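Participant:
Below, the structure written as C-alpha cells:
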C-alpha cells in the first residue's frame, strides 16, 4: 500500500518515517532552490510563500508559459547538496516540514531535521516527466524575476513520488551513511587498478 | 537567397535533432541501462530503475524532454573540409537553440557572467558551446549534440601533476570524482578521463571520452585495459543508481589521451549522468541528414 503524506504536514504524520521508506505527497508542493534560499536566509527577504508545515522541492522546472496559463512540462529534482549551507536556517525560520530533492544533504541539515521535525526525501533524478504527470496544476508563481529555474512555482500535486526518505526526524542520514561506506571501500577497490598500472609506471621511472 | 534557404533548412533540422535528443536516449545508452537494471537485486534499485524506464517511456509518449535540466547546448562538430555550408553553421546553431528553447520547450539555463541574469533563450556568451574538428576531404558535417546538465558538470575536474606522481594520480582523481560529487550526478555514470599535458587539453579530451559510443575502446592495449580495470573497480564500489547502493556505479569509463610533456601529467575527469542525452547526426552537402545514434528518432 502506498504511504501518502498530505499537506499541511503534521509532525505526527512523519515522525515514524525512517530512511529508506518510500512515500508519496498529495497537496501543495512549491519549488525553491539556490536563489530562494539565498534571499530568505542571507538577504532576510520575506518568503512570499508560507512554508510552515509545508513542502519544498529543490527543482527548476520547464514550464510552458502562455498568457493566463502555466503548464508543467517537466520537473525533476536538482542536487539538494547545493542548499546545504542554508537549509538548516531555512527550516528554523519557516517551519518547513519536507524537502524533496536529489541526492543527499549534509550534517547541518540532518541536525535541523532532528531539532525541528523535518525530513528530506529524494525523487529519482532525471525522471522529470513522471514527476510532471503528478502535478495537477500550477496555482501561483513568486519571484519569477529570478528566472524560470529559480522562481517559486506553487503546484497542486497528487501522489507525487516515489519519494525515498533520506533524512528522517531522528536525524539519520542515508546519503552520509552511504558516502562513508563508499569511502571505506575506496582503497580496496582501487588496489587492483594500481597493481595493473604498475608496469606502465615502471617503464616511466626507468627512462 | 539560396544561402538563406540553406541556413533555414539547417536550423529547422537542428531543432528536430535537439527535440528527439532531449526525449530519447541513444541506443547504446538505453541498452546499457537495461543490462545494468537486470543485474540489480534490491527493492530500492528496482524502484529507481523502474522510474528511469517509466520516465523514458512517458517522455517519448508525451513528447517532452526526459529530464528537466536540458543543460547548456554543446555541439561537437566534425566538419568535412569540402562541406559547402561551413560559414553559416555557428550562426545557424545559435538560431536553432533559440527556437528549440521556445518550441520544445527547453529550460532556460544560460546566464552571462557579470550580468548575472538569465538570458531567457538558452543562448549567451559563447553559448551554445561549439567545438570544431575537421574531416579532411569529406563533404559531410557530423554533429554530436549534447545537453550538458548542471548536476553532471559539477563533479568535473582538471588537474596537473608531476611525473613522479605517476598513474596513481590518475586513478585517485577518477575515484574521487565518482565517489564524491558523482554520487549526486545521477549514476550510473559515463566517466570520461582525459590525459594530456595541460589542463585545457586534458579537459577537452575528457569530454570527448564520454561522448564516445559505449563499447568502444582506447586504441592502445594498455589504455583499453586501463578503461576496463577502472570500470570494474568503480563498479565494485557499488554506488548504484542514484547513489543508493547497488551492483554497479558506472556504464563505462572511457579514456582519451594525447602526448604529454616530459615534465607533466595532466588529468581531467568529466562525468555524464544516466540520462546521457547525446546524439550523432551526419549532414550531407545537400543538407539532408541521417541519425546515427538513435534507431528510433521518432519525430
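Residue numbers (this note's numbering), protein chains in the order written: chain L, 1 to 207; chain U, 208 to 506.
All C-beta atoms in this analysis are idealised placements derived from N, C-alpha and C, irrespective of residue type, glycine included.
Because the structure is a prediction, the values reported are computed rather than measured.
Using a Cβ-Cβ distance cut-off of 8 angstroms, determine whether residue 446(U) contacts chain L.
Facilitator: Along the second chain, one-based indexing puts residue 446(U) at 239. Chain L contact via Cβ: present.
Participant: How would you label residue 181(L), buried or exposed, when you count the other beta carbons within 10 angstroms and need 16 or more for buried?
Facilitator: As a position in the first chain, residue 181(L) is number 181, starting the count at 1. It counts as exposed.
Participant: Residue 483(U): which of 254(U), 210(U), 256(U), 273(U) sits nearest, CA to CA?
Facilitator: What you label residue 483(U) is simply residue 276 of the second chain in a count that begins at 1. Nearest option by C-alpha distance: 273(U).
Participant: In three-state terms, what does DSSP make of residue 51(L)?
Facilitator: In the first chain, counting from the first residue as 1, residue 51(L) sits at position 51. If DSSP states are grouped into helix, strand and coil, residue 51(L) belongs with coil.
Participant: So that I know if they touch, is there some Cβ in chain B lying closer than 8 angstroms to that of residue 47(L)?
Facilitator: Given the protein chain composition of this structure (L and U), no chain B is represented.
Participant: So that I know if they touch, is there some Cβ in chain U lying closer than 8 angstroms to that of residue 214(L)?
Facilitator: Lying outside 1 to 207, the shown extent of chain L, residue 214(L) is not represented and no answer is given.
Participant: Is it the case that the stretch 362 to 370 of chain U contacts the stretch 436 to 450 of chain U, given that we only count it when at least three CB pairs across the two stretches are under 8 angstroms?
Facilitator: With the cut-off at 8 angstroms, the stretch 436 to 450 of chain U and the stretch 362 to 370 of chain U do not touch.
Participant: By Cβ distance, which residues of its chain are closer than 8 angstroms to residue 172(L), with the 5 residues on each side in sequence left out?
Facilitator: Within the first chain, the letter at position 172 stands for residue 172(L). Hits under 8 angstroms: 18, 19, 110.
Participant: Tell me, to the nearest whole angstrom, how far the beta carbon of residue 156(L) is from that of residue 133(L); I am working on the premise that it is less than 8 angstroms.
Facilitator: Translated into the one-based positions of the first chain, residue 156(L) becomes position 156. Translated into the one-based positions of the first chain, residue 133(L) becomes position 133. Contact doesn't hold; Cβ gap of about 13 angstroms is too wide.
Participant: If the cut is a Cβ gap below 8 angstroms, which residues of chain L does residue 480(U) touch?
Facilitator: As a first step, residue 480(U) must be located in the second chain, where it is residue number 273. Residues of chain L passing the Cβ test: 125, 126.
Participant: Would the beta-carbon of residue 262(U) fall within 8 angstroms of that of residue 127(L)?
Facilitator: Locating residue 262(U) in the second chain gives position 55, where the first residue counts as 1. Locating residue 127(L) in the first chain gives position 127, where the first residue counts as 1. Yes, these two residues count as a Cβ contact at 8 angstroms.
Participant: If you compare alpha carbons, which of 145(L), 161(L), 141(L) is closest to residue 5(L)?
Facilitator: Within the first chain, numbered from 1, the residue matching residue 5(L) stands at position 5. Selected option, being the one with the closest Cα: 161(L).
Participant: Report the three-state DSSP secondary structure of residue 57(L) (helix, strand or coil).
Facilitator: On the first chain, position 57 is the one that residue 57(L) refers to. Three-state result, residue 57(L): strand.
Participant: Give me the chain L residues within the contact set of residue 390(U), using Cβ-Cβ distance strictly less than 8 angstroms, ordered along the chain.
Facilitator: Counting from one through the second chain, the residue named residue 390(U) turns up at place 183. The contacting residues are 103, 104, 175, 178, 179, 182.
Participant: For a contact defined as C-beta to C-beta under 7 angstroms, what are the partners of residue 42(L) on chain U?
Facilitator: One-based indexing of the first chain puts residue 42(L) at position 42. Correct list: empty, because the minimum Cβ distance to chain U is about 15 angstroms.
Participant: So residue 234(U) is in the alpha helix (DSSP H); what residue range does that whole segment cover?
Facilitator: Numbered from its first residue, the second chain carries residue 234(U) at position 27. Per DSSP, residue 234(U) belongs to the alpha helix (DSSP H) from 234 to 246.
Participant: What number of angstroms, rounded off, separates the C-alpha of residue 105(L) from the C-alpha of residue 70(L)?
Facilitator: What you label residue 105(L) is simply residue 105 of the first chain in a count that begins at 1. What you label residue 70(L) is simply residue 70 of the first chain in a count that begins at 1. Answer to the nearest angstrom: the Cα atoms are 31 angstroms apart.
Participant: Taking only runs that begin and end inside the stretch 155 to 199 of chain L, name each unbroken alpha helix (DSSP H) of 4 or more residues, in chain order.
Facilitator: Taking only runs of at least 4 residues, no alpha helix (DSSP H) segment lies wholly in the stretch 155 to 199 of chain L.
Participant: Interface residues of chain U around residue 33(L) at Cβ under 9 angstroms?
Facilitator: Taking the first residue of the first chain as 1, we reach residue 33(L) at position 33. By Cβ distance, chain U contributes nothing, its closest Cβ being about 10 angstroms from residue 33(L), past 9 angstroms.
Participant: From 243(U), 255(U), 297(U), 283(U), pick the residue whose C-alpha is nearest to that of residue 214(U); which is it?
Facilitator: Walking along the second chain from the start, residue 214(U) turns up at place 7. That would be 297(U), whose Cα lies nearest to the Cα of residue 214(U).
Participant: So the alpha helix (DSSP H) residue 229(U) belongs to, where does it begin and stop?
Facilitator: Start at 1 with the first residue of the second chain, and residue 229(U) comes out as number 22. First-last of the alpha helix (DSSP H) with residue 229(U): 209 to 230.
Participant: Would you check if the distance between the CB atom of residue 459(U) and the CB atom of residue 397(U) is smaller than 8 angstroms?
Facilitator: Position 252 of the second chain holds residue 459(U). Position 190 of the second chain holds residue 397(U). Cβ atoms of residue 459(U) and residue 397(U): closer than 8 angstroms.
Participant: What residues from chain U crowd round residue 194(L), counting only those whose CB sits closer than 7 angstroms?
Facilitator: Taking the first residue of the first chain as position 1, residue 194(L) is located at position 194. Near residue 194(L) (Cβ distances below 7 angstroms), the residues of chain U are 375, 378.
Participant: Pick helix, strand or coil for residue 87(L), following the three-state DSSP scheme.
Facilitator: Numbered from its first residue, the first chain carries residue 87(L) at position 87. In this structure, residue 87(L) counts as helix in the three-state DSSP scheme.
Participant: Please give the ranges of any alpha helix (DSSP H) in the stretch 349 to 435 of chain U, keeping only runs that are unbroken, at least 4 residues long and fully inside the region.
Facilitator: Here the runs fully enclosed are 357 to 360, 373 to 386, 406 to 418.
Participant: Identify the contact partners of residue 190(L) in chain U, using a Cβ-Cβ distance below 8 angstroms as the criterion.
Facilitator: Position 190 of the first chain, counting from 1, holds the residue named residue 190(L). Here the neighbours are 378, 379, 382, 440.
Participant: Against chain L, does residue 503(U) count as a neighbour if the rule is that its beta carbon must be under 8 angstroms from one of theirs?
Facilitator: The residue labelled residue 503(U) in the question sits at position 296 within the second chain. So no, residue 503(U) is outside the interface.
Participant: Counting only Cβ pairs nearer than 9 angstroms, list the residues of chain U close to residue 59(L).
Facilitator: Residue 59(L) sits at position 59 when you count from the first residue of the first chain. What residue 59(L) touches in chain U: 275.
Participant: Exposed or buried, residue 212(U), counting other C-beta atoms within 10 Å across all chains shown (16 or more means buried)?
Facilitator: Residue numbering aside, residue 212(U) sits at position 5 when the second chain is read from its first letter. The residue is exposed, with fewer than 16 neighbouring Cβ atoms inside 10 Å.
Participant: Name the residue from 197(L), 137(L), 116(L) whose alpha carbon lies nearest to the alpha carbon of residue 89(L).
Facilitator: What you label residue 89(L) is simply residue 89 of the first chain in a count that begins at 1. With distances taken between Cα atoms, residue 89(L) lies closest to 116(L).
Participant: Using 8 angstroms as the threshold, is the C-beta distance between residue 421(U) and residue 239(U) below it?
Facilitator: Counting from 1 along the second chain, the entry for residue 421(U) is found at position 214. Counting from 1 along the second chain, the entry for residue 239(U) is found at position 32. A contact, by the Cβ cut-off of 8 angstroms.
Participant: Inspect the CB distances between the stretch 142 to 155 of chain L and the stretch 32 to 48 of chain L and report whether three or more fall short of 8 angstroms.
Facilitator: Judged by Cβ distances under 8 angstroms, the stretch 142 to 155 of chain L makes contact with the stretch 32 to 48 of chain L, as three or more pairs qualify.
Participant: Please return the same chain residues whose Cβ sits closer than 7 angstroms to the Cβ of residue 52(L), not counting the five positions on each side in sequence.
Facilitator: Taking the first chain and counting its residues from 1, the one referred to as residue 52(L) is at position 52. 94, 95, listed in sequence order.
Participant: Should residue 183(L) go down as buried or exposed, given a rule of 16 or more other Cβ atoms within 10 Å for buried?
Facilitator: Indexing the first chain from 1 puts residue 183(L) at position 183. That one is exposed.
Participant: Check each candidate in 400(U), 210(U), 244(U), 457(U) and name the one with the smallest Cα separation from residue 292(U).
Facilitator: Locating residue 292(U) in the second chain gives position 85, where the first residue counts as 1. Checked all of 400(U), 210(U), 244(U), 457(U); the closest Cα to residue 292(U) is 210(U).
Participant: Would you call residue 428(U) buried or exposed, if buried means 16 or more other Cβ atoms sit within 10 Å of its Cβ?
Facilitator: Along the second chain, one-based indexing puts residue 428(U) at 221. The residue is exposed, with fewer than 16 neighbouring Cβ atoms inside 10 Å.
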